[in-house]
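For reference, the structure is listed below as structure tokens.
Numbering (UniProt numbering), first residue to last: 1 to 212.
As structure tokens, this is what we get:
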């Protein structure tokens, strides 16, 4: 297909497609003349993936570039998903040393109880979790930490569902893409469902006037 057809099929404006080509986010097409190239359905799929990462996943283009580089490289699906999670997490916020130490100890004990393995110094998700727990404590809502094991059990089940999305796929590219979609869009789906569930569950509990 030509550039105009690629744009129409992906929903991405021609100017944006050209920008992605210049930045290396989109592989070049097959040259048919000095000023013309032919593109395949794979290019349409890549553009749709970029749109999903930026528009739904909220990733900046620099992070999208890092993710796509991992997809196109020699990394395993597990390693590639690690890159995705790092880019989704961003840079963890700073919290006080005291609160961070308290939260870190909680997570260390959690890992021992459940047999989880992670690399705290390399994992931005760990840093964000530390910051969230520490902030909750500083705000006087440390009770969230008391339910940490229950949250962890739910997280494991969600992770199992995510992995089931890719279980049975034989193509490396499809495994990577499905895992990417499960991680990026799955976050949005689960968050949306959680908010709807909170609205449903809290109506009877929090909908009443205190003391009534």
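We put the beta carbon where it would ideally sit given N, CA and C, even for glycine.
Residue i classed as buried or exposed, judged by whether at least 16 other C-beta atoms fall within 10 angstroms
i, result
"residue 192", "exposed"
"residue 189", "exposed"
"residue 201", "exposed"
"residue 205", "exposed"
"residue 119", "exposed"
"residue 163", "exposed"
"residue 20", "buried"
"residue 177", "buried"
"residue 147", "exposed"
"residue 140", "exposed"
"residue 115", "exposed"
"residue 46", "buried"
"residue 197", "exposed"
"residue 57", "buried"
"residue 153", "exposed"
"residue 127", "buried"
Supposed close pair residue i, residue j - CB separation, criterion 8 angstroms
i, j, result
"residue 184", "residue 88", "7 angstroms"
"residue 3", "residue 14", "6 angstroms"
"residue 90", "residue 124", "7 angstroms"
"residue 64", "residue 54", "6 angstroms"
"residue 130", "residue 92", "7 angstroms"
"residue 150", "residue 99", "Going by Cβ atoms, the distance from residue 150 to residue 99 rounds to 22 angstroms, so no, they are not a contact pair."
"residue 112", "residue 145", "With 8 angstroms as the limit, residue 112 and residue 145 do not qualify as a contact, their Cβ atoms being about 16 angstroms apart."
For residue i, the first and last residue of its enclosing beta strand (DSSP E)
i, result
"residue 32", "30 to 33"
"residue 37", "36 to 38"
Residues that DSSP places opposite residue i in a beta bridge
i, result
"residue 86", "Paired residues: none, contrary to the question."
Start-to-end residues for the alpha helix (DSSP H) that takes in residue i
i, result
"residue 108", "97 to 114"
"residue 9", "3 to 10"
"residue 43", "41 to 51"
"residue 128", "124 to 138"
"residue 65", "61 to 72"
"residue 16", "14 to 23"
"residue 150", "148 to 166"
Query raised in the report: Quick one: any contact between the segment 156 to 163 and the segment 29 to 38, if contact means 3 or more CB pairs under 8 angstroms?
Result: In the pairwise beta carbon analysis, the segment 156 to 163 is classified as not touching the segment 29 to 38: fewer than three pairs are separated by under 8 angstroms.
Query raised in the report: Using 8 angstroms as the Cβ pair cut-off and three pairs as the minimum, do the segment 2 to 19 and the segment 40 to 60 touch?
Result: Touching, per the Cβ criterion.
Query raised in the report: Does the segment 16 to 26 come close enough to the segment 59 to 73 that 3 or more CB-CB pairs lie under 8 angstroms?
Result: Using a C-beta cut-off of 8 angstroms, the segment 59 to 73 makes contact with the segment 16 to 26, since at least three inter-stretch Cβ pairs fall below that distance.
Query raised in the report: Touching or not, the segment 130 to 145 and the segment 161 to 170, by the rule of three or more beta carbon pairs under 8 angstroms?
Result: No, because fewer than three Cβ pairs between the segment 130 to 145 and the segment 161 to 170 fall closer than 8 angstroms, the two stretches do not touch.
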